[in-house]
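Trainee:
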Amino acid sequence: MHPTRTVNMDLLAEIDKTTLDEDRLRWREDIKQAPYKIHTDRQKYATESWKETVGEDLEIRRAKLFRKIADNVAIDILDYDHIVGRIGPTIIGNYTEIDIVGDYLDGLWSEEGIQATLHDKTMLSHEDLEILREAVRTFRGQNPVDCVNEVFADVLGDWPRDVVTAHLKDPDLSSGNFGNCTNTYDFEKILTKGVRAFKEEAQMHIDEFLQKKGQNVDSYLFWRAAIIVCDATINHAHRYASLAREKAAAETNEARRAELLQIADMCEYVPENPARNFREALQSMVLVGLAKAMEHPMHNQPQWGRGDTYLYPFFINDINNGTITVQEALSLLAEVIGRWGTQLMVQSGLHKQTHQITYGINSINLGGVGPDGVENANELSYLFLHAVGLLHQSSPTVTLNWSNATPRWFLKKAIKVNKMTGGGIPLFENDDHMVECFVKDGVELEEARTWIGRGCVWPALPQRSEYKGGAAGFNSAACLQLVFHNGVDIITGKMLGLETGDPTKFETFDELYDAYVKQHYYVMHRTLWLADIARESQYKSIRLPALTVFSLQQCMDVGRDTMIPDPLCEYAITDRAIIDVADSLMAVKKLVFEEKKLTMAELLGALNNNFEGERGQEIRRMCLAAPKFGNGIDEADDLAGKIGQMSSDSLTSWNHDPYPRFKSVREGLSWHFAAGLGVGALPNGRLAFEPLNDGSASPMRGMDKEGPTAVLRSVLRADFGKGSYVVALNQKFPKNALTTDANVENLAAYTDAFLRAGGTHIQYNIVDNKELLDAKVNPQEHQDLIVRVGGFSAYFVQLSEQIQDDVINRTEQHF
Numbered sequence: 002m003h004p005t006r007t008v009n010m011d012l013l014a015e016i017d018k019t020t021l022d023e024d025r026l027r028w029r030e031d032i033k034q035a036p037y038k039i040h041t042d043r044q045k046y047a048t049e050s051w052k053e054t055v056g057e058d059l060e061i062r063r064a065k066l067f068r069k070i071a072d073n074v075a076i077d078i079l080d081y082d083h084i085v086g087r088i089g090p091t092i093i094g095n096y097t098e099i100d101i102v103g104d105y106l107d108g109l110w111s112e113e114g115i116q117a118t119l120h121d122k123t124m125l126s127h128e129d130l131e132i133l134r135e136a137v138r139t140f141r142g143q144n145p146v147d148c149v150n151e152v153f154a155d156v157l158g159d160w161p162r163d164v165v166t167a168h169l170k171d172p173d174l175s176s177g178n179f180g181n182c183t184n185t186y187d188f189e190k191i192l193t194k195g196v197r198a199f200k201e202e203a204q205m206h207i208d209e210f211l212q213k214k215g216q217n218v219d220s221y222l223f224w225r226a227a228i229i230v231c232d233a234t235i236n237h238a239h240r241y242a243s244l245a246r247e248k249a250a251a252e253t254n255e256a257r258r259a260e261l262l263q264i265a266d267m268c269e270y271v272p273e274n275p276a277r278n279f280r281e282a283l284q285s286m287v288l289v290g291l292a293k294a295m296e297h298p299m300h301n302q303p304q305w306g307r308g309d310t311y312l313y314p315f316f317i318n319d320i321n322n323g324t325i326t327v328q329e330a331l332s333l334l335a336e337v338i339g340r341w342g343t344q345l346m347v348q349s350g351l352h353k354q355t356h357q358i359t360y361g362i363n364s365i366n367l368g369g370v371g372p373d374g375v376e377n378a379n380e381l382s383y384l385f386l387h388a389v390g391l392l393h394q395s396s397p398t399v400t401l402n403w404s405n406a407t408p409r410w411f412l413k414k415a416i417k418v419n420k421m422t423g424g425g426i427p428l429f430e431n432d433d434h435m436v437e438c439f440v441k442d443g444v445e446l447e448e449a450r451t452w453i454g455r456g457c458v459w460p461a462l463p464q465r466s467e468y469k470g471g472a473a474g475f476n477s478a479a480c481l482q483l484v485f486h487n488g489v490d491i492i493t494g495k496m497l498g499l500e501t502g503d504p505t506k507f508e509t510f511d512e513l514y515d516a517y518v519k520q521h522y523y524v525m526h527r528t529l530w531l532a533d534i535a536r537e538s539q540y541k542s543i544r545l546p547a548l549t550v551f552s553l554q555q556c557m558d559v560g561r562d563t564m565i566p567d568p569l570c571e572y573a574i575t576d577r578a579i580i581d582v583a584d585s586l587m588a589v590k591k592l593v594f595e596e597k598k599l600t601m602a603e604l605l606g607a608l609n610n611n612f613e614g615e616r617g618q619e620i621r622r623m624c625l626a627a628p629k630f631g632n633g634i635d636e637a638d639d640l641a642g643k644i645g646q647m648s649s650d651s652l653t654s655w656n657h658d659p660y661p662r663f664k665s666v667r668e669g670l671s672w673h674f675a676a677g678l679g680v681g682a683l684p685n686g687r688l689a690f691e692p693l694n695d696g697s698a699s700p701m702r703g704m705d706k707e708g709p710t711a712v713l714r715s716v717l718r719a720d721f722g723k724g725s726y727v728v729a730l731n732q733k734f735p736k737n738a739l740t741t742d743a744n745v746e747n748l749a750a751y752t753d754a755f756l757r758a759g760g761t762h763i764q765y766n767i768v769d770n771k772e773l774l775d776a777k778v779n780p781q782e783h784q785d786l787i788v789r790v791g792g793f794s795a796y797f798v799q800l801s802e803q804i805q806d807d808v809i810n811r812t813e814q815h816f
């Protein structure tokens, strides 16, 4: 059992009494009504800079591009801003990044508007459209997506494009999800040393290089770029200081005028210098955070990481010294959480449709064991949870890092916040298991204990690069479909897999299973090969100096951009649809090979016709009645565990020395919807092109019939944690499951028992089906309704009808 920290319980009680102030309430209402805005000025200055720096080194070009943006994009301070700095001058919006992702915006070449969200288009002026179109012309063939896709086609022909079309893997590179793009910044260093210290560090390396007559010119150029980035970040903060003084001069309200002058003083001091108090710490984070948004907007704000750890000294010192009240601290923290959780994610229409994301996913980790082995849950952890509950937003993602010493007061507060938000906020992740996985993979214990969640539930080490290019997600169910069609994909009609034989000729279940394993390994290894090809290709056309400087000390030490291949880099992929495959193979085993109720030809005929007709419906009923994972049936659970381990083995068997082996991370996102678009009817009874099972360990919708404890027994018996860092499990309870303190204690005990027994991850929807059904009919009356989709939460009314039905049809559990 880990030791715990002493906590002031009276302070926790005081936190419980705090509420959102008038400005936060007004902001929350305004953001619901505000139109989504796509800002084109970043793209304008990026294009101008690129034309101005032709012939210069790539690292320097990207640093100058960043400086041009930071020095010129429009900024504003809104009336309810007490912490300043946002993406663009409007309450909600984002930039485009054609310079990184290429021609990715649906509607760019028409006059009908850009697809800003799944349901909303943003109309742009002809001038703005021309800015974006000129960017496409300028960066065509010079951005990493175009360059990598060209190499993919040269090496593997149409296969890389076809496997995306077939949904065998997702997303493609146009998601911008490559390299180390979702990393957290080193906020502890930023807050305690200031950005000027980063600049001085880079200058020190340059001086040493010149003194020793160094030969690695790339390192020298990186440190030069680092200085450009640091100066630009400081100058951007000073722009806010100047603007605050301008607004103060025109302000008639004396209190607001005084605050604007205070804001000006702050922005002149931080982030250039170390923060001196809680407010300055938050202000410094926001201003440096804008560097990431300006450099790589698609993955806008940095991950918070362990905010309750690096912010705690500022918070508790101010509280103890009486320089800030608990209510003031709550208001400031809620402002930053709220703003970072409502940043528009400007993606392609394809990715909006398949992944259902409206806001950028930035993640907060709370609690968990620190490098010293002590459980970190503290008063600020509690304040974070309280603020998240009051804000009632679908983002950011909040993770409670559960350890064997997680205090009950912390766990119960998290359950209460789940009730307040309704949609899986916070989620619960097994800190002890995560640390054990990293250590098993060769990471020192002290560093392993610093892990954070990125995006949905992706575990990562904050001081290591993480590589995702060309890989990301792998669709196991589509591999099973290849078996049924002897390697031919039903979407493209092409041979994307192996010829594993006519399945109607298989005489035993083992033959079928062996064919599936061969398809799985074949597609998996070619997918990982794509990742390696992308790694060796994309850095030739992209650098991310701001992300590198403010995130990775090891890169600053040696003078290397995070996009350049690094033997210490972490590699991971999400191998998905394990349960869909397990349930499907179990049905075939029972119905075809053991009970012989069907021939393989009959079953495949029904699948190919989507169970149509009287006989097809009869076969579907048989498939649905076959043993299913999630009901405490040992045979079904053991098969799921076997497939999960096989999939993990297929990852670790891929050798790409000197780089670390790929790890399995079975997150959620909304992959089950995107992946399902490539999969026809399955032997588990699922209809063609419906979403697959949500999460990664969640049972089939409506088929977990033995209660919530049986689901946990199945997940634990399958022992997915043996082969994967995290396996996302969703559970759904009605609101009346948390009406009393005893109910809260029951769900806390349920959560604790599961994680203590070795579960890796669990998250809850606390919502009534009656409300969900009404929200489909009357969406305007349910704008605040939040649900957990897979690895992220979303406003129910912003989701597609297919995902809405998926959430509705999940089993509503009861104790």
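Per the numbering used here, residue 2 is the first one in the sequence shown, and the count goes up by one each step. We put the beta carbon where it would ideally sit given N, CA and C, even for glycine. Keep in mind that this is a model prediction, so the values were computed, not measured.
What is the rounded straight-line gap between the Cα of E813 and the Cα of S715?
Mentor: Approximately 17 Å between the Cα atoms of the pair.
Trainee: Confirm, please, whether the CB-CB distance from N366 to G425 is below 9 Å.
Mentor: no
Trainee: Taking 9 Å as the cut-off, decide whether the C-beta atoms of G195 and S111 are in contact.
Mentor: no
Trainee: Measuring alpha carbon to alpha carbon, tell me which of G679, G390, P546 ends up nearest L169.
Mentor: G679
Trainee: With DSSP as the reference, identify every bridge partner of M496, one or two as the case may be.
Mentor: V489
Trainee: Distance check for A250 and T84, CA to CA, integer angstroms please.
Mentor: This sequence places Ile at residue 84; Thr is not what is there. Distance between the alpha carbons of I84 and A250 is about 19 Å.
Trainee: CA-CA distance, K69 and T193?
Mentor: 28 Å
Trainee: Taking the continuous beta strand (DSSP E) assigned at L401, which residues delimit it?
Mentor: 398-403
Trainee: Could you check how far apart the C-beta atoms of Q482 and T501 are, in whole angstroms? I think they sit under 8 Å.
Mentor: Wrong, their Cβ atoms sit about 12 Å apart, outside the cutoff.
Trainee: Confirm, please, whether the CB-CB distance from F721 to I634 is below 9 Å.
Mentor: no
Trainee: Which residue from K495, E437, G791, I191 puts its Cα closest to that of E273?
Mentor: I191
Trainee: At what residues does the beta strand (DSSP E) containing N731 begin and finish?
Mentor: 731-734
Trainee: According to DSSP, is A573 part of a helix, a strand, or is it coil?
Mentor: Note: A573 maps to strand in three-state DSSP.
Trainee: Is the region 435-446 close to the region 639-656, with three or more CB pairs under 8 Å?
Mentor: no
Trainee: Could you tell me which of A729, F199, L79, S332 sits nearest to I235, measuring between CA atoms?
Mentor: F199
Trainee: Tell me whether V137 counts as near the ligand GTP, meaning its Cβ is closer than 8 Å to at least one heavy atom of that ligand.
Mentor: As presented, the structure is devoid of all ligands, the ligand GTP included, so that no description of it is given.
Trainee: Going by Cα to Cα distance, which pick from L773, V768, Y572, A602 is closest to Y726?
Mentor: Of L773, V768, Y572, A602, the residue nearest in Cα terms is Y572.
Trainee: According to DSSP, is E151 helix, strand or coil?
Mentor: helix
Trainee: Taking the continuous beta strand (DSSP E) assigned at N366, which residues delimit it?
Mentor: 364-368
Trainee: Using C-beta distances below 6 Å, list every residue in its chain close to S697, excluding the 5 sequence neighbours before and after it, in chain order.
Mentor: R667, V728, A729
Trainee: Is G94 helix, strand or coil by DSSP?
Mentor: strand
Trainee: Once you ignore the five residues that flank R561 on each side, which residues in its own chain have a CB closer than 6 Å to its CB?
Mentor: none
Trainee: DSSP three-state call for T234: helix, strand or coil?
Mentor: Correct three-state label for T234: helix.
Trainee: Alpha carbon to alpha carbon, how far is I574 from A535? Give it in angstroms, no decimals.
Mentor: 14 Å
Trainee: In angstroms, rounded to a whole number, what distance separates the CA positions of F690 and G791?
Mentor: 17 Å
Trainee: I need the straight-line Cα distance from G617 to V778, nearest angstrom please.
Mentor: One Cα belongs to G617, the other to V778, and the distance between them is close to 32 Å.
Trainee: Around the C-beta of D807, are 16 or more other C-beta atoms found within 10 angstroms, so that it is buried, or is it exposed?
Mentor: Of the residues assessed, D807 falls on the buried side of the cut-off, its CB having 16 or more other CB atoms within 10 angstroms.
Trainee: Is it a yes or a no for the region 393-401 touching the region 413-431, going by three-plus beta-carbon pairs under 8 Å?
Mentor: Touching, yes, given that three or more Cβ pairs across the two stretches are closer than 8 Å.
Trainee: According to DSSP, simplified to helix, strand and coil, what is S654?
Mentor: coil
Trainee: Beta-carbon within less than 8 Å of T563's beta-carbon, same chain only, minus the 5 sequence neighbours each way: which residues are those?
Mentor: G180, N181, N184, S466, L545, L548, T549, S552, L553, C556
Trainee: Here's a check: name, in chain order, each residue in its chain whose Cβ is nearer than 6 Å to the Cβ of A818, leaving out the five neighbours to either side.
Mentor: This structure cannot settle anything about residue 818, because the visible part of the chain is limited to 2 through 816.
Trainee: Let me confirm a value: D309 is counted as buried when at least 16 other C-beta atoms fall within 10 Å, else exposed. Which label applies?
Mentor: buried
Trainee: Just verifying my parser: in three-state terms, what is the DSSP assignment at V788?
Mentor: strand
Trainee: Taking contact to mean at least 3 C-beta pairs separated by less than 8 Å, is the region 373-387 in contact with the region 16-25?
Mentor: yes
Trainee: Could you have a look at I580 and say whether DSSP puts it in helix, strand or coil?
Mentor: helix
Trainee: To test your reading of the DSSP string, which unbroken alpha helix (DSSP H) runs of 4 or more residues are found completely within the region 265-311?
Mentor: 279-296, 308-311
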